[in-house]
Amino acid sequence: MKKRFDTKQKSTFIVKVMDCQNGTWQGKIIYAEENRIRYFRSMLEMIKMIDEVVGESEMDENASNL
-11 MKKRFDTKQK STFIVKVMDC QNGTWQGKII YAEENRIRYF RSMLEMIKMI DEVVGESEMD
49 ENASNL
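Residue 20 in the numbering used here is what sits at position 32 of the sequence shown, and the numbering runs on without skipping anything.
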């Protein structure tokens, strides 16, 4: 059984927390491989953004293995 985090393709994220309001973080994520920036308004939103990118790389890897 393949573990979820055993992936050949790596993703590098730079997270910059710019503020902390209402008990959560606001800031930006820089995707190093693509040099793309996305802003987040909560820690949950930040985690979802990272999960989307990691999920995309897993889907790309699975498609290439077919």
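All C-beta atoms in this analysis are idealised placements derived from N, C-alpha and C, irrespective of residue type, glycine included.
*Length of the line joining the Cα atoms of G11 and Q(-3)*: Position 23 of the sequence shown, counted from the first residue, corresponds to residue 11. Position 9 of the sequence shown, counted from the first residue, corresponds to residue -3. Approximately 33 Å, taken between the alpha carbons.
_Close beta carbons around V5, own chain, < 7 Å, minus the five adjacent residues each side_ = For the purposes of this step, residue 5 is identified with residue 17 of the sequence shown, where counting begins at 1. For V5, where only same-chain residues beyond five positions count, the Cβ hits under 7 Å are W13, G15.
*Pair within 8 Å by beta-carbon distance, M37 and R26*: Indexing the sequence shown from 1 puts residue 37 at position 49. Indexing the sequence shown from 1 puts residue 26 at position 38. Their beta carbons are under 8 Å apart, which means M37 touches R26 by this criterion.
_Span separating the alpha-carbon of E33 from that of G43_ = Translated into positions along the sequence shown, residue 33 becomes position 45. Translated into positions along the sequence shown, residue 43 becomes position 55. If I take the Cα positions, the gap works out to 15 Å.
*asked:* Rounding to the nearest angstrom, what Cα-Cα distance links T0 and F28 in this structure?
replied: In the sequence shown, the residue the question calls residue 0 occupies position 12. In the sequence shown, the residue the question calls residue 28 occupies position 40. Approximately 17 Å between the Cα atoms of the pair.
_Minimum C-alpha distance to C68 - residue among I2, S30, I35, E40_ = Outside the displayed span of the chain (-11 to 54) sits residue 68, for which this structure offers no information.
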